[in-house]
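To start, the structure under review is shown below, and the notes come after it.
2 protein chains.
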Amino acid sequence: MVAAVLKSRLLRKRGCGVGLQALLESGTGTEQRISRQQYGRQQDRLRVDLVNAQFDLLELKLPVVVLIAGDDRIGINEVVQLLHAWMDARYLDTQIALEPTPQELQHPPFWPFWRALPPRGRIGLYVGGWVVAPIRGRLARDLDDDAFEAYLGHAARFEQALAADGALVLKLWLHLPRKELKRRLAGERPDEDAAWQIQDSDSAVLNEWYRWVPLADRLLEATDSPTARWHVIDGTHERARNLTAARIILAGLQRLLARRTSRPGGNSRRGRQPVRYPNALAAIDLAMRFSEDDAYEAALDKQQGALARLTREAREEGLSSVVVLEGWDAAGKGGAIRRLTRAMEVRDYRVVPIAAPTPEEQAHHYLWRFWRHLPPAGQMTIFDRSWYGRVLVERVEGFARPEAWERAYDEILDFERQLLEHGTVLLKFWLHIDADEQLDRFAAREKTPFKKYRIGTDDYRNRARRADYVSAANEMVARTSTKSAPWHLIPANDKRYARVAVARTLCGALRKAL
Amino acid sequence: MVAAVLKSRLLRKRGCGVGLQALLESGTGTEQRISRQQYGRQQDRLRVDLVNAQFDLLELKLPVVVLIAGDDRIGINEVVQLLHAWMDARYLDTQIALEPTPQELQHPPFWPFWRALPPRGRIGLYVGGWVVAPIRGRLARDLDDDAFEAYLGHAARFEQALAADGALVLKLWLHLPRKELKRRLAGERPDEDAAWQIQDSDSAVLNEWYRWVPLADRLLEATDSPTARWHVIDGTHERARNLTAARIILAGLQRLLARRTSRPGGNSRRGRQPVRYPNALAAIDLAMRFSEDDAYEAALDKQQGALARLTREAREEGLSSVVVLEGWDAAGKGGAIRRLTRAMEVRDYRVVPIAAPTPEEQAHHYLWRFWRHLPPAGQMTIFDRSWYGRVLVERVEGFARPEAWERAYDEILDFERQLLEHGTVLLKFWLHIDADEQLDRFAAREKTPFKKYRIGTDDYRNRARRADYVSAANEMVARTSTKSAPWHLIPANDKRYARVAVARTLCGALRKAL
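If you're matching them up, the sequences are chains R and X in order. Residue numbers for the first sequence follow our numbering, so the first one is -15 and each next one is one higher. Residue numbers for the second sequence follow our numbering, so the first one is -15 and each next one is one higher.
Rendered as structure tokens:
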């Protein structure tokens, strides 16, 4: 009711605040006054329920992300403070959006949010979160409309990735109506605590009202989705605001807990139409090889010399790069990587081998561990296997459920798009060998003095699934090759050809970017 | 032989380089030339052995730390590069000492080294490591003699803590004799690769020779111990240098692997003399209490107001603090913490609950997880239980072996000393209740609506060991109370008294530091 009244009243003013008003929670607003006694009673009940829900979450290891943002700075501070007092602060992981640190500036904008993501069971409380940067950036004209929209797209997909992974995503927008803000700026709400006092930034909110309201509207519209709804709370009356915020969170937690207990084991992919993707792997010309030792040595030397120069330049220019190597077991990924790193200074690169996730990694969204390893400015991270494991080994071996690997294509594309937008050079290699070559290499490995190459039964079993891997790889290539980050399919029956090809492609990309 | 010759020759010069020379590895030195063929053959063998040892380590999850430092900048770079080529770079965690980042400057000097510590099984390769800062600082006169010595003390104890935890600590000092450095500076070793070329900093090494050699001598002397030996390698001949460095590492790894397979299950504490520590807990006056509600409210309000102001000031001044709460189950730690945090802004503090370690934490030295949570400049970390678990619950319940918790006292003292030297405020509280009060609280908890307080059989079992906990706590208080970081023993039979006492002590300490 209250919401509807406000809505029609404010809609008349220049059409601003549509999103804000449309989403306004009932139970708050200018008419809602709650007595101190009522507040005390309701609060006591809420606190018990919140803490209990928190402990159930912890036990069931359910992931929760709460975003608190809005135009009401004081309200945000007070609500965050209050959640820390009402809930068990030990299990809240709070991240407050301040000025980005030098380290953060070396990474794509969503890097800090991925890093701050708590393991399942704890609550990730983002204050300001991914709302502050786009609005502030747009107001300051650091972002143009396209960049603003791109940022909102990443925000929506970030939230959706978390929700699809089973997380509860709760978003509160604390809003102070223009009239109330004016009243407070006029000094009608004196407060003893200096921290909460009206600051210059609050009058800026008023002065820029008609500039930021449409931005907030657009943000709310672009990032409001069934799995990540916005709740807009009117901050005029503190007690109503506090109770509403706490109730929204409690209701969310209880919904999540209830969902958990009645979870359907369904397989959403059952009805999927089989799609045939082009057999890109079959088109790789495996006959490519160096017939002469000298030619190989010369070609490799040339690429290594170039790589040494280019990585030095990249360090000076602050150009980061991410190199992904995927391919068959024994395709020569390790050897190709060693040929690259030998040409670089140790401080300029890091090789990250991707194996089965650790328990800590399993307690997070599967992309979390890759975000953690992104290179700082001027450096290179080489992934020996990568996030593509989701749509390769995890898909084929059934470690990920069909709906999980199915949505991974989009998640991966968004992840990579963020790297590219940040200016990172991204290269993806598939090292290809045929089944006979692989068998020969397994046999040879059994004879090498390197213990790491002792071949286990797993290797032969994986080999038996070759057809499944081929079709997974073809789908991966078809769905994740983009203009700026295509798959490079490298014939690797001749190891030496593959090494030179990888080095040459990398050098070419660095040269282009520098 | 070579070492002895060099030693006597150089000892005559101003007595400098004693430590360097005394520790010089045989197999390197001015007379050692190795042909290209010999080098190739020996290298092949070494590489196989190194990689195999690496994979055995990984399988057995054995911890290894390699420190490579010295005066031979080019030699260090080349050896590090070579180790990355000869070993499997995917399992090397390399940290290169560069200028400290803003984030690092907000923490004690050893923070980056703790953070870079790899989980057991991987090799932590520190380039420069904890050698660079003291020598550079002393040369630049940023460190006086006492600070230099204090730093060396921390370095020695850091290495010992790792070694005592089962880690292999290998330290290589790459040394270029004065004569050879002069020759190279005169351009007699032109090198095509710009990265390795003689730089200005190399002539600084020569110019300051007689200033840094005694510092290096002192450093080597102060940090050479049976469990963390220095190996000094002459870098005159590259091939000899490379083979020696690789052989020292290989020999160390093989020693560690052999030790592992023949590990005695011995208990070094068997012969320990029983020591009686003063019964500090018995001396706590548990009758302390607030008899009136008003007095409590007023006292708490006063402290919270003060805390609000002081934490704001601390933020502005960049003053960090670490607060530790230990005490009996149900002693009121959580409640005391909530009374503190309610007075602070959320961005100024972080509460870290310490429970049983995660698998990731278990794969590291036990202090690692506490180093990770140290506050940045201006912030406070509140530990709800702490590193003292090692000498309390882990001791009493037998989770740590006697020699492990026995050495923890020294490790803890050194850890805390580093915090204090960095200027961090450190407060340690023991919240004390008697056995009857604890039983009453358990009974009351069984009736509260808070699920987190559902009492398990563990709680009652722990209670049965009260005498063991008392004696462990008394020993802890006696051995880890220092002038700058004493234990504050808080009577907590009256929760309210305890809350005010904790807040008052914290405010007092902040006021003194600001």
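All residues carry an ideal CB built from backbone N, CA and C; glycine is no exception.
Boundaries (first-last residue) of the alpha helix (DSSP H) holding residue i
i: R/PRO86; result: 86 to 89
i: X/THR464; result: 450 to 464
i: R/LYS155; result: Unbroken run through R/LYS155 is the beta strand (DSSP E), 152 to 159; no alpha helix (DSSP H).
i: X/GLN79; result: Premise fails: X/GLN79 lies in the beta strand (DSSP E), 76 to 80, not in any alpha helix (DSSP H).
i: X/GLN142; result: Position check: residue 142 of chain X holds Phe in this sequence, whereas Gln was assumed. Looking at the DSSP string, the run of the alpha helix (DSSP H) that includes X/PHE142 is 129 to 148.
i: X/ILE396; result: 386 to 405
i: R/VAL380; result: 377 to 380
i: X/TYR194; result: 193 to 207
i: R/PRO262; result: Careful: R/PRO262 lies outside any alpha helix (DSSP H) and carries neither H nor E.
i: X/LEU169; result: X/LEU169 -> no alpha helix (DSSP H), and no H or E assigned at all.
i: R/TYR436; result: Reading off the sequence, residue 436 of chain R comes out as Lys, not Tyr. R/LYS436 -> no alpha helix (DSSP H), and no H or E assigned at all.
Residues near residue i in its chain [Cβ-Cβ closer than 6 Å; skip 5 each side]
i: X/ARG223; result: ILE18, TYR23
i: R/ARG299; result: ASP332, GLY362
i: R/VAL49; result: GLY108, LEU146, ALA151, VAL153
i: R/ARG322; result: none
i: R/ASP77; result: PRO102, ARG106, GLY108
i: R/THR489; result: HIS472
Cβ distance (whole Å) where residue i is taken to contact residue j below 8 Å
i: X/ASP218; j: X/PRO161; result: 7 Å
i: R/PHE39; j: X/LYS435; result: 5 Å
i: R/LEU123; j: R/ARG195; result: 6 Å
i: R/VAL63; j: R/LEU158; result: 6 Å
i: R/LEU309; j: R/ASP418; result: That belief does not hold up - the Cβ atoms of R/LEU309 and R/ASP418 are roughly 18 Å apart, past 8 Å.
i: R/ARG141; j: R/ASP398; result: 5 Å
i: R/TYR350; j: R/VAL375; result: Their Cβ separation, rounded to whole angstroms, is 11 Å, which puts R/TYR350 and R/VAL375 out of contact at 8 Å.
i: R/PRO220; j: R/GLU164; result: The question names Pro, but residue 220 of chain R in the sequence shown is Thr. Rounded, the Cβ-Cβ distance is 5 Å, consistent with contact.
i: X/GLY113; j: X/ALA148; result: Actually they are not in contact, since the Cβ atoms of X/GLY113 and X/ALA148 sit about 18 Å apart, beyond 8 Å.
i: X/PRO343; j: R/PRO343; result: 5 Å
Start-to-end residues for the beta strand (DSSP E) that takes in residue i
i: X/ILE52; result: 48 to 54
i: R/VAL116; result: Element bounds for R/VAL116: not the beta strand (DSSP E) but the alpha helix (DSSP H), 113 to 123.
i: R/PHE367; result: 364 to 368
Cβ-based burial, residue i [other Cβ within 10 Å; buried from 16]
i: R/ALA178; result: Here the model assigns R/ALA178 a pLDDT of 44, short of 50, so the residue's position is not dependable, and the following value carries that caveat. Exposed, by the Cβ-count rule.
i: R/ASP278; result: exposed
i: R/ASP28; result: exposed
i: R/ALA188; result: exposed
i: X/ASP201; result: buried
i: R/GLY407; result: exposed
i: X/GLU176; result: Here the model assigns X/GLU176 a pLDDT of 46, short of 50, so the residue's position is not dependable, and the following value carries that caveat. Label assigned to X/GLU176: exposed.
i: R/ASP129; result: exposed
i: X/GLY302; result: exposed
i: X/ASN61; result: buried
i: X/TRP89; result: Here residue 89 of chain X is Leu; the residue named in the question, Trp, does not match the sequence. When all chains shown are included, X/LEU89 counts as exposed.
i: X/ASN226; result: buried
i: X/HIS215; result: buried
i: X/GLY171; result: exposed
Which residues DSSP lists as bridging residue i, in chain order
i: R/HIS215; result: R/LEU156
i: R/GLU310; result: R/TRP414
i: X/LEU42; result: For X/LEU42, which the question treats as bridged, DSSP gives no partner whatsoever.
i: R/ILE474; result: R/LEU415
i: X/SER305; result: X/MET364, X/VAL409
i: R/PRO337; result: R/ASP368
i: X/TYR444; result: Answer is none; X/TYR444 lacks a bridge partner.
i: X/ILE268; result: X/ILE268 is not bridged to any residue.
i: R/TYR110; result: R/LEU51, R/GLN79
Contacts around residue i, its chain only, beta-carbon distance under 7 Å, and the 5 residues preceding and following it disregarded
i: X/GLY250; result: In this predicted model, X/GLY250 has a pLDDT of only 45, less than 50, meaning its place in the structure is not dependable; the value taken from the coordinates is given anyway. Same-chain partners within the cutoff: there are none.
i: X/ARG57; result: SER185, ASP186
i: R/LYS479; result: GLY316, GLY319
i: X/ARG74; result: none
Close-in-space but distant-in-sequence residues of the same chain around residue i (CB under 8 Å, 5 per side omitted)
i: R/ALA315; result: LEU415, HIS416, ILE417, GLN422, ALA476, ALA482
i: R/PRO341; result: TYR350, ARG353
i: X/PHE274; result: TYR280, ALA283, ASP478, ARG480, TYR481, VAL484
i: R/ALA206; result: GLU133, LEU136, GLY137, ALA139, ALA140
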